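Colleague: The C-terminal position of the sequence shown is numbered 584 in the working numbering, with every residue numbered one higher than the one before it.
First the structure, then my questions, so here it is.
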Amino acid sequence: MAYELTELAERDIKGILRETDRMFGDHQLIVYANIIDLGLAMVGDDPERGGSIDRPELGPGIRFFHLEHAAGRNGGAAHCLYFTTGAMRTGVTGTIILRVLWEGMEPRHKVIRSFKRHAKTIAEQLSAETSKEDEPSDSPR
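Structure below.
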């Protein structure tokens with residue numbers, strides 16, 4: 444299964460990597476970027492994989508995955524993926540990464556806001572596609 448990042452998740456990752464580079468240098472930046480990439484691929488391949496936890500209090504179908512599972516050891520990462528499955532912007536069903544947040548951060552408002560934004564984007568896209576299908580054709584029949 445494929446995955447995509449919401450705008451907020453992309454911004455989260457850029458900020459995480461910028462701070463990792465500032466605090467720990469180039470080598471750790473590469474290591475942590477690889478951990479994030481692996482975590483994204485892991486939940487993209489199997490959103491209900493071991494280590495993935497259902498978080499219904501955040502919204503329907505929202506799950507959580509700590510990146511220490513991608514690092515392969517406890518304490519190997521300090522961030523978590525919050526995601527759901529559904530229609531991506533391409534129209535394909537896949538894993539939608541809503542946010543990438545520090546493990547100590549309260550996710551409720553941040554994840555819910557991202558979930559609502561993504562749902563609005565998909566609804567607008569579907570509405571635009573439906574409007575195009577309803578337009579009369581210029582070609583003769």
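The beta carbon of each residue, even a glycine, is placed where N, CA and C say it ideally should be.
These numbers come from a predicted model, not from an experiment.
Is Leu-483 near Tyr-446, with beta carbons less than 8 angstroms apart?
Modeller: Contact: yes.
Colleague: Per the DSSP calculation, Ser-574 is bridged to which residue(s)?
Modeller: Paired residues: none, contrary to the question.
Colleague: Would you check if there are 3 or more beta carbon pairs closer than 8 angstroms linking the segment 464-473 to the segment 562-577?
Modeller: Touching, no.
Colleague: Hey, which unbroken runs of the alpha helix (DSSP H) at 4 residues or more fall wholly within the segment 494-521?
Modeller: If we require 4 residues or more, the alpha helix (DSSP H) runs fully inside the segment 494-521 come out as 511-514.
Colleague: Going by DSSP in three states, Glu-447 sits in which element: helix, strand or coil?
Modeller: Glu-447 falls in the strand class under three-state DSSP.
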